[in-house]
Structures are given as C-alpha cells and as structure tokens.
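Residue numbers (the working numbering), protein chains in the order written: chain A, 1 to 368; chain B, 1001 to 1368; chain C, 2001 to 2368; chain D, 3001 to 3368.
For every residue, glycine included, the Cβ atom is placed at its ideal position computed from N, Cα and C.
There are 4 protein chains.
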Amino acid sequence: MQFLSDNAAGVTRKIMDAVVEASQGTSFPYGADLETKRAEEMLRRVFECDLSAWLVATGTAANGLALGAATTACGAIFCHERAHVMCDECGAPEMFTGGSKLVGVAGKRGKVSVAALNERLAILKAAPGRHPRPSVLSLAQANEFGAVYTVSEMAALAARAHAEDMIVHLDGARFANAVVAFDKAPAELSWKAGVDIMSFGVSKNGGMACEAVIFFDQKLAREFHLQRKRAGHSIAKGRFLGAQMRAYLDQGHWLESAARANRQAARLAAGLAKTPGARLPWAPESNLVFAIINRRLDQMLRESGGQYYEWPHDGLGCSLTPDEVFVRFATSFATTADEVDRFIAIARARSPARAPRHVKWRENRASA
Amino acid sequence: MQFLSDNAAGVTRKIMDAVVEASQGTSFPYGADLETKRAEEMLRRVFECDLSAWLVATGTAANGLALGAATTACGAIFCHERAHVMCDECGAPEMFTGGSKLVGVAGKRGKVSVAALNERLAILKAAPGRHPRPSVLSLAQANEFGAVYTVSEMAALAARAHAEDMIVHLDGARFANAVVAFDKAPAELSWKAGVDIMSFGVSKNGGMACEAVIFFDQKLAREFHLQRKRAGHSIAKGRFLGAQMRAYLDQGHWLESAARANRQAARLAAGLAKTPGARLPWAPESNLVFAIINRRLDQMLRESGGQYYEWPHDGLGCSLTPDEVFVRFATSFATTADEVDRFIAIARARSPARAPRHVKWRENRASA
Amino acid sequence: MQFLSDNAAGVTRKIMDAVVEASQGTSFPYGADLETKRAEEMLRRVFECDLSAWLVATGTAANGLALGAATTACGAIFCHERAHVMCDECGAPEMFTGGSKLVGVAGKRGKVSVAALNERLAILKAAPGRHPRPSVLSLAQANEFGAVYTVSEMAALAARAHAEDMIVHLDGARFANAVVAFDKAPAELSWKAGVDIMSFGVSKNGGMACEAVIFFDQKLAREFHLQRKRAGHSIAKGRFLGAQMRAYLDQGHWLESAARANRQAARLAAGLAKTPGARLPWAPESNLVFAIINRRLDQMLRESGGQYYEWPHDGLGCSLTPDEVFVRFATSFATTADEVDRFIAIARARSPARAPRHVKWRENRASA
Amino acid sequence: MQFLSDNAAGVTRKIMDAVVEASQGTSFPYGADLETKRAEEMLRRVFECDLSAWLVATGTAANGLALGAATTACGAIFCHERAHVMCDECGAPEMFTGGSKLVGVAGKRGKVSVAALNERLAILKAAPGRHPRPSVLSLAQANEFGAVYTVSEMAALAARAHAEDMIVHLDGARFANAVVAFDKAPAELSWKAGVDIMSFGVSKNGGMACEAVIFFDQKLAREFHLQRKRAGHSIAKGRFLGAQMRAYLDQGHWLESAARANRQAARLAAGLAKTPGARLPWAPESNLVFAIINRRLDQMLRESGGQYYEWPHDGLGCSLTPDEVFVRFATSFATTADEVDRFIAIARARSPARAPRHVKWRENRASA
C-alpha cells in the first residue's frame, strides 16, 4: 500500500531488459551511440514531426536545461505559483537560466488561468526597465495536482504567450498520464497546441533515470549540446538513456504503464469518495489523488501500513478543519488493484480511539 | 510641481561643493583615498559602532551586493512581495547571489508581517530538500510605500529571522527619511534592532550617485572587496564617493535634507486629504505620498504641470473605482512649500469637463 | 580493437546484476533508499574514515559540484593547464561555482609542478584586489595523461595549498587505476595525503553512470544536498546509483576491473615501444597510453579496425614531425589481451604505400 | 611626480564644470534625461555612424556588460593572456557572462598575435562538445602595455574573428590615447576596422566616473537596458554621466587631454632611455611607459618622491637581472612637463650607496 510517489516505484521489466541488453559491447560515448539515435528517431515518430531531442537523467535537469535554452537571465518565467519548477526544484531554474525570475501565477488545481496570467503580464509590462522581460510560459501536463489542461486551454495559453513573444515550455514529467487521460495524440497535446519546448518524462512512469528535452522549435537548441555538457548532464555511457527511452516508447509501453497508474488512481479516488472521514477536493485526472481526511483516519491508515505524504495546501483554496489533514496519493505502473482495494477496505473499517501520531512527510528528506 | 521621484531632484549645494573640492590633485584609486577613509570613519560615528563600510554608486548595487554577501545561491531571501529588491531591480538580487530565490511575504503598506513571514517559513522548512534554505530577511526602512517599521517591529522581525539562522538586511535607500520620521538614533533603527547588513542611501536624498553597504556583522564582509570589484562597482576615482558621503553626514546635513522632504510630504498629504476627488489610502510617514484620485482631477493636475507617476496597486488592498487612479508623489530636499501649495491650490480648483488623457508612468523608461 | 575511451566500454556483469536486482519493489526516492545508505557505508570502510558521500551520474557533475562546494565565485581554482576540469568540461566548473576563475598551471605529463604552482600563486597574491582569491587546488589521480602523483608529491602540493588556506580537490574519475598502480590504500592516496574533497569515479571503470562526491572535510558539505538538487543531480530513483556503487566496491571488484585495464595498457605500451614507426612520449602508469606514430602506421591501423583518438599535444613538450600524429589509447576492464595482441601484430606488419587518410578524433562529437 | 595611474589624477575643469551645471533642477532619472540624450548624439557624431550607447560609471562594468551582451555562458572569450579583462577585473567577465571561459592568447607587448589566436582557435574547434564555442575576440586599444594596434592589424584580427562567427570587442578604456597616437578618425580605429562593440573610456582621461558601452552592431543591444539595470549599473541621476561625456567630447576636449598625457609619456620615455641604470623594453605608444631599472635607482627615485608601481613581467619576454625591477609609469592630462623633467633630473643624479628598500605596488590595495 505504497502511494508515496511514482518515483518510489521500480522499473518496468521491459525497460530493465533493454538496459541489460545495452550493457554489452562498445559504443561511442556522450550520446553518439546507436541506442540514442534510435530513441531520437522514435520520438520523432511518436510526436509526428521533426524535432531535436536530448536525453538526460532527471526531471529537474530536463526542466532547468529547457528553461535555460528558452530564456536569458533577463527574462521572466511565468508558471503556476505551486508549479514543480517554482516549488520543488530548489532553485534549479534560477541556476540554469543564470538567475532569471520566476513569476507565480494563480489558478485552480495548479492550472495557470488566462486571467491571472494577463494580470501578471500587465504588471511586468508596465515598468519595462525595472522588471525582467516576459520570456517563458511554463505549464505542466499533467500537473502536480493531478490536473490536465485540455487542448483548447493549452492553445489559448500558448497563443497568449506567443502574442507576447514568449516561449511555451511544457513540463511533461507526467506527460504519459495526460496522453492517456485524454486519449489524444501526443502531437495534439504538445506542438499542435503551441508548445515550443518540452520536458518528456520516463522516470516517474517506470523508467530508471531518463527524461528528454524536446525542441519543437529547433532554433532554441542552437547551443544545447554545450548547455547540457557544462551542466554535467551529458552522460558518458549515453546508450543507457537511449535504451530506456527506446523500450519506453516501443509498442505503446509508455501508455500502458501510464494507463495502469491512472486506472488505480481513479479506483482509489472512487473508494475514498465513499469513505467516511475522507473527501476529495477535486476528481483526479491522472495518477495523483489528493484528499482531505480526518486525523483519526489518517492515523489508522498509516498504522495499517498505508504510505503517502501529507501535502501543503496553501494557495489551493481548500479549507480544512483542525481535525483534518491534506494528503497526496501517487499511483504508478506498479500499483495493483488489490493494493488499492486493501487500502480502501482498511479505510472503511472503524477508526481507533486514541490520539493520532502520524508521521509527517517532512520527516525524512525524501520528496516527490 | 515635480513629484516624480526623489531621484529626479538634483544635488545639494554642500555635496556638490565637496565633489568639486575632491576633483583636484592626486589620490590613490579604488577606495584607498583619504576621502573614503574619512567617510568610513564618519559612518562609524553616526552609527556609534565599529562597522565595515563600502561605497558604491547605486542603490541596486548596494542591495544586490549586500544580498550577495549575505547568502549563497542555495539560500532564499524573504522580503515583502512589493519590495524594491523584488519588483524594481530587474533581477539584480538573483544576479548578485548567483540565483537565489526571492520569496514574497505579504503585509500592509509594504511592511512584512510576522504572521505572513511565519507562514512562508513553514512552507520552506517543510520540504528542506526541495526548497532553498531560508537565509535572509530583507526589510526596507523607510519602504516603497512611505511606511516605516517601529523599532519594536524591526526587532521582532529580526529576532524571528535570527532564530532561523537568517541574516537581516535593511534596504536603507531612504534611511534618512526614517530616522527623521522617528527622531531616533541611527543605531536604534539598525544594528540595535537586529540589522546585520544594510544599504545606506545618499543618492535619493540630495546626493549625486552614492550609497554605502554597511556590515554590522563584519564576518559577512570577508570577500566583499572582491565581490564589489568583480561586479564593476569599485569606482576608480573613489574619492568622489567619499566626498559625497562625507558632506552628506557632516553636521547633520543628511537629516536636514530628509526633514525637508518629509515635511513637504506631510504638507502635500494634508492638502490632498482635504481635496474633493482625492483620498489617501494611508498617512505618509516619510517622503512618499500615495493617493487615489479621480481621473478628471488627475487630468487637470497633469495639464496644469503636475508631475507624478501612476503606480500599480496590486497587493496593496486598495479598491479603486474605474474612475480612479492610484498615484505616487515623491518629495525631496528640493521640494518647496510653495510648490506644494500651488499644486494643492490647483487641485482644489474646479476640474475641467472633457475626457481625461493622462500620461501614464509607463510611458517613458524612467522609474523611481 | 577499441581503444577510444574507457567510456566506450559497457558495464561489468556484477554491477549490472546489482542494478537489475535494485529495480524491484519500492524505495524512498532521492537518495533516501537503503542501497544508497549501504554504498555510503562501504565508502567509509574503503577510505577508513568518516566522510560525507553523495552519488551523482557523471564525472563532470562530480567535479563541478565538488568545486562549487569548495569555493565561492570570488575564488580561483588552480589546476593543470590541460586538466579535465580546464579543457574537457565545457565550462562546468565556471557554471557550478558561479563564475570562479580557473588558473592553468604547467607541469610535465599533466601533473602540476610545485614550482609552477608557486609562480602562479605569486602573481595572484601580488594584486589582491584585482585577482580572485586563491581558493582551490584541483589535482587528478590518475590524470588525463595516464600519470599518477606519488603520495609524497600529493602531500607536498596539498601542504602548499593548505598553507594558502586553499581547499584540495582530487578528480578521481580514474582513482581506481591509481590505487592499483601504487598498490596503496585509498586513504593513503586521498585524505592522508591532504585531499579535502574528491570525485570518485565508477563510470569509466565498468559502471553504468555513477560517481561520488566525497567530503573528507565535512564542513564543506553543509549545503551540498541543496547544491546537488538545484543542479538537477539528485536522481529520483537513487537506488540505482547506490546499487552500482555497492557492487563496485564489493570484494575489491573495482580494483580488479582497474587492474585489468592497467595490465592491458602496459601490454599495449610494451608492444608499441617495440613497433617501428611508433614511440612513447612517456611510460603509462594507469590505463591511458599515449604514442607518437607515423601517419602511414596510423592509417594502416585504422584501416585494419583499430579505434583510438588523435589527441592535442599542445603544452605537453612533445615535438612531432609533420609525418607524425599524437594519439591516445584507452583500455578498460573489457579490454582483452587478445585484442591488444592482435593490434600490435597488425602494427608490426608492413605499412601500406599510399597516402594516409585517417579519421581525426574531432570528426564526431564523441569525446572521452 | 605621480606616475601611479591615470586613475590617480583628478578631473578636468571643463568636465567638472559640466557636472556642477547638471546638478541643478529636475530631470528624468535612469538615463532618460537630456544630458544623456545629448551625449549619445555626440557619440554618433564622433564615430560618424548610427550606434547604441549606454553610459556606466566604471571600466570594469563597461567591459563586463559588453562581454555579457556579446556572448552566452557557453561561449569562450579570446583575449591577450595579460589583458585587463583577464587579469585585472577579478572575474568580472565571468560574472557578467554567467561563467563563460576566457582563453588567453600570447603576443608581444600585450597585443594578440594572429598566429597565436589561430593556434588557440584550432584547439577549441577540435573538440566542439568539450569546449565552449569561440564567441568573442576582445582587444584593447591602447592596451595595458602602452601599445596600440594599427588599423590593418585590427582589421586582420577582426576578419579572423568574424570568419569564426565571433564578435569583436574593443576595450577602449584608453581609446583617446590611441586616437591621438595615430591621429586617425575614431571610426577608422573602431567599426571600420571590424569592431562590433566597444567600451569607451572617460574616467582615465580626466573624467570623474564615466564610460560608455557602444554597440556598432545594434542587434547585440537588444536586452542591454535590462542587463545594465540588473547589474546595478543604471545610475539614478543619469544626467551626471551624460554631463561628463558631453563635456569630454565637446570641441575635442578628450583628444587634448589624451595628447597631453601621451606627450608627457614620450618625454618621460626619452629621458629614461638616456638614464644610466634604466632601459625601456619597448617604446611607449600611448600614456604608459614601462622600464627596467636597477634597484638602487628605483630606491633613490622613490625616496625622492617618485610614485609609480612595480609591475609583474611574466609572459612579456623581458629578462631581468636580480638587481633590476620592472616598473610602470602612467601619465595623465594632469601630468606636467616640469614634473617629468624634475623626475628625470633626479634619475640622472648619482644614486645612493645603501641597500634598497622600495615599496612594492602590492603593498596597498590600490590598483590601476
């Protein structure tokens, strides 16, 4: 009953086999290998367009490098005020851009609203010499709160950004979960909706350590081989990234894994919705389920072996009583229906009487 | 009737004379001159303590360098969400710190509230591996909204910061105005209230181009001579900074200049408060007056030669009707009672009937 | 007959097995897993001391992060003028330190000489306000030219650096090869010789993608968890780094792999030394062999399937005739005696008569 | 008898008068004032072309900002190995570029040689993924060793740089001295010879604190207003920079000042050349004179009130006996023939017999 993080899961058999296979023999280092070439080719097929793709080992690197390619230090990056790039990367975007400013934009369920974006833009544009230049709009699909942008929402936001001569970046650490949620072609949810550059995740969806930075606007990639290298993100034995990506994309493996995760998230949400002492602030659209549960229930679940994080709820518009906690459940390719059912069954049993003593998520340095 | 900015005023006679006097003869460059030594000595007397002081030419440099000395790139700087370091320096703090994160804290009239600070601290501390380390609290005295912190307010904020092992920085671009407002010793409003490092302004209060970075905590200055040099802020003919500072501090000249500015601000505010079509969101405590005025009045004032900026009012809790604008008036040592009285007299005359066509502050690249 | 790079080799069976084993089940992300804990514990045993160790995926990251922990942007890093950190990391040290200056020091075979170090130090110290502060001495063991520092050489250099209050960094991307070369305890070649912080390599010696930043001086690690995270070098599924390191260190596996590489390098060097048309500028001490060979021989070797890089020889004191090329051969755990012998046999056969047309190392983007 | 630095001199009467005049009344801040507009207009006339000019207070800022506008962090800046940007700015170019790499190029008397440039370029281009991209060639005119590039030398270097798609930067801190030396139009020595961007100095030649960054290639200035602001180099009361520049350029004042300095340098050099115990490594072409003098003479000159710096001579190809020191003399607009003649007269008098005890230039933090 592990719902801590999709990063807490292991690696799919198929991806692991590809890595083992890649471990034999000789190949050119630093991404000049055949596995990497094949992975790049597959990305072009999956996205149905020409593109420039670069493999790295972490999502923070993918986002940081993408933003660093999209803006100079004098630019401002607009993102949701609770976005991963804003809150969970310890200043990586600032490092990779040489110190550009991240501007938080409000919006429900972690989604940037056009109105709030306009408001923020107006302020920066009002004093052009005192503010950085608006240069990037960064959206996450699916986002940190389990929500997805519809194609038309994305297109509207991208159009607004492009009208300001801004670049549109997509944090696709959980892009597979969004593709599955909509059953749309990847192209529809990315470049056709106005995305110029994206981080495309593998790690959270059954990979070992692999993400791609994908440039639909290939002009932006002009110095990227240097930017990746000087950040220490050019992996010597690059074939291991190539192998992961190749297996991931092969025959829809990535979508199967994401579908499994989304399915269990929906099952978990449905169960919690009917559980006394638990309520859902919103319906999950991908593989993350948020719930407001009372402390007794929380305590009982943890004592029964449930693993999940308490989560900050500032800026989300949820009001909790002192008896309640805000929690996050993440499912992955490895989550089973049985695991979910056992968890829900325990949740529905009577809760114990003594005072709660739950372990907060902050109590170890792990994160999500 | 110029109320655009204290930066739009010239230089006091006394300071100009000192600069001219300093222009003769030979002296050691890069701050090794006698004028600079004397200025440093005078700062020690004014602040009644040992300290390490470094002269630079701009307020943005003073703040940026001070913050760069106070934190590494992995630190977070807490400041008011509308602070000068947050909104008006085009990312200078990010540049000088190598990309640390500025965290906006709410609070009325531009003053950081302890409650809001605690809330923000709690969020960062909740996820230590994902967030930068809380490292600096930056306050402005007087601040961008004409308000001042009382000694006990400052001490409480500083104590909170020190309890978290944070450095307390004071943006004193308008420190003279605060000292005059309270009639307190500079020491009371700075190191005795817990300030570790401050930017001490001359330029806005009748100087030409001079500010000091003052280290009360001299450990923080260990590399400052290098930090200033590599930022291009070590002036070759340093005597001209020394001469300005020396004249500024000599025989209370700085406080006289600030007193004149504060006095005219109060006069202007009193006049506006009684003017139909104008209202004050708060009483001014230093040399900045904010007002909400109707568009007709605004138009008439501008057509009659009044110069002042329209100002963004987001996050300040003011509600305006569509017929109103939010404006800022800045007074300086050079503002005269006559100038204020003429302005108020015009404001009280009947306003014209045709549609307003005022010039917004954004329409030139000047700022404040 | 692949001698391009130790990075062109695959992964040892033992390390691959550990990775596969680690791919099952759930674990805490971002280095809070048990594999990582065990790896850290093993490093303490191998180095016979308490230490703080952090796993990352690349050597450039390990060096960059280590240097970033060792100096501020106002510091100067002294290293050999042909060191990897100087010439092969595309400015990574500059990025990770926020722009500190690398100062090249001369010395034979890529080894920093004390005399040359003293000369450089004297220049920087002569003008303290115009130069960065000497802050780090970075040595490589074994270095890019196949040479090793004796314990007393290292101790002398470290003592000189410490006398200047500088930190001593060791680039140990090929540390295993040096340990094997001397048959000394790792502790003797590191902290006992004055090293404060080191990059400890796995990748080049049969790993997949793993290096450790090791702090013998643990004060320097104060912010390292943040520095690693904001650089995107905190791997979500950290167990895969832990598993590699654990298997690498287990029962001397690392030393066996390095011994195999060194042995084949010696075999190759011995063979080349006796080959007409080839000469060695120096005897190899680790797994890198440099040779000066005539163009005909070079062409024939490449046409016969030999793979190796032409290498820049500036600053190495080698003089070549126009008919000669400077080349590098790298051996690895996977190099076989048979492969070496076949290569030497070809080299000793008669060379062809027509004009050479060899492929230069620069002709693909791969590097070493 | 002050020959320490052109920065040790004061300000010309004409420039000081302009500053005083500018101190009255109101004007738009941050460079939106009329003085600045007029200065920009005059620079266009002086250089006989359209250009974009930005005033700052220091030469290090001008160079740093210019280089920051000319290259990204992934670029390499080629300059003489003893250039001011390399050796005397404490890492400012690294800071302003976000960490690009400075590559030192050899050449006599501080002048970059085409052959040495080609050699360095070849190395960087040989390994494109491991090295930064060659992006800027930075030359100084006149340079730190009193030498000047002829128009054809500059054109040849610029052509070589442009062939590599590099930007040509000119450090013109002493540009006036070069213009006077050649009696050529400023345009001939700058954009007509291939310069894209230059730092144009006022401070060293009788100014107070003023330099301009001039963009002949105006595309490079796209973000410069932001780059200058975030570096703290946008002066609030910008009129004081404008006033200095305007007076400087008015009616050839800048050339008169430089001519006076050059003339006294020639007079000093001629005198030293005939002085026993002194020899010139090369003839001065601008306002800097270098000499090799014996220690007795050096001591006597200092004891007699002569002020000048001992100077590092590494990399300059001068060989000194242990009895000799390498020294620099700088003249300025304020140096008089009488001062020079007195100095030479003393030098030619008999030297004292006791052991020398001269003050080295390193013994205070002043620099040049």
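Same chain, Cβ closer than 6 Å to residue i, five either side skipped, listed in chain order
i: A2039 of chain C; result: G2242, M2245 and R2246
i: D3006 of chain D; result: K3204, A3330 and S3332
i: H233 of chain A; result: V56 and A61
i: E2089 of chain C; result: T2060
i: A1092 of chain B; result: T1060 and G1064
i: R1260 of chain B; result: F1333
i: E3048 of chain D; result: A3187
Which listed residue (the options) has its alpha carbon closest to that of residue i
i: A1347 of chain B; options: B:F1215, B:P1284 and B:R1279; result: B:R1279
i: F3145 of chain D; options: D:E3339, D:D3314 and D:A3126; result: D:D3314
i: L3137 of chain D; options: D:P3186, D:A3147, D:A3009 and D:M3086; result: D:M3086
i: A181 of chain A; options: A:S203, A:V11, A:A156 and A:V151; result: A:V151
i: L3226 of chain D; options: B:V1020, B:T1060 and B:Q1141; result: B:T1060
i: A22 of chain A; options: A:G238, A:D50, A:F96 and A:D217; result: A:G238
i: F96 of chain A; options: A:R82, A:G104, A:A73 and A:D88; result: A:A73
i: S1304 of chain B; options: B:A1283, B:F1343 and B:A1155; result: B:F1343
i: S2135 of chain C; options: C:V2340, C:R2109, C:A2173 and C:D2196; result: C:D2196
i: F3326 of chain D; options: D:T3336, D:Q3264 and D:R3296; result: D:R3296
i: P3312 of chain D; options: C:E2048, C:A2126 and C:R2013; result: C:A2126
i: Y3309 of chain D; options: D:C3079, D:Q3218 and D:I3293; result: D:I3293
i: Q2219 of chain C; options: C:F2047, C:A2069, C:G2031 and C:T2012; result: Per the sequence shown, residue 2219 of chain C should be read as Lys rather than Gln. Ranking C:F2047, C:A2069, C:G2031 and C:T2012 by Cα distance to K2219 of chain C puts C:A2069 first.
i: G25 of chain A; options: C:G2129, C:T2336 and C:D2341; result: C:T2336
Which residues DSSP lists as bridging residue i, in chain order
i: F2961 of chain D; result: Because chain D spans 3001 through 3368 in this model, residue 2961 of chain D falls outside it and cannot be assessed.
i: W2054 of chain C; result: C:V2213
i: A83 of chain A; result: Note: A83 of chain A sits in no beta bridge, so no partner.
i: A291 of chain A; result: A:V327
i: L1102 of chain B; result: B:I1077
i: R133 of chain A; result: A:G75
i: E2310 of chain C; result: C:V2327
i: A3278 of chain D; result: D:I3293
Beta-carbon proximity list for residue i, same chain, < 7 Å, skipping 5 on both sides
i: Y2248 of chain C; result: I2015, V2202, G2207 and W2254
i: E2149 of chain C; result: According to the sequence displayed, residue 2149 of chain C carries Tyr and not Glu. Taken in chain order, the residues that qualify are K2111, L2139 and Q2141.
i: A3008 of chain D; result: Q3002
i: G3194 of chain D; result: M3154, A3155, A3158, A3159, H3162 and V3168
i: E3285 of chain D; result: A3142, G3146, A3147, V3148 and A3181
i: Q1307 of chain B; result: M1001, Q1002, F1003 and L1004
i: F3240 of chain D; result: V3019 and A3022
i: G2010 of chain C; result: A2334
For residue j and residue i, believed in contact at Cβ under 8 Å, the rounded distance
i: E3081 of chain D; j: G3104 of chain D; result: 3 Å
i: S1052 of chain B; j: A1258 of chain B; result: At roughly 24 Å, the Cβ-Cβ gap does not stay under 8 Å, so S1052 of chain B and A1258 of chain B are not in contact.
i: S1199 of chain B; j: V1213 of chain B; result: 6 Å
Own chain, CB closer than 8 Å to residue i, minus 5 neighbours either side, in chain order
i: D2017 of chain C; result: A2247
Within the segment 1229 to 1275 of chain B, ranges of the alpha helix (DSSP H) (whole runs, at least 4 residues): 1239 to 1249 and 1253 to 1273
In the segment 2137 to 2225 of chain C, which residue ranges form an unbroken beta strand (DSSP E) of at least 3 residues, counting only runs that do not cross its ends? 2167 to 2172, 2197 to 2201 and 2211 to 2215
If we require 4 or more residues per run, which alpha helix (DSSP H) segments fall completely within the segment 8 to 80 of chain A? The DSSP assignment places 13 to 22, 34 to 47 and 59 to 70 as complete runs of the alpha helix (DSSP H) inside the segment 8 to 80 of chain A, in order along the chain (cut-off: 4 residues).
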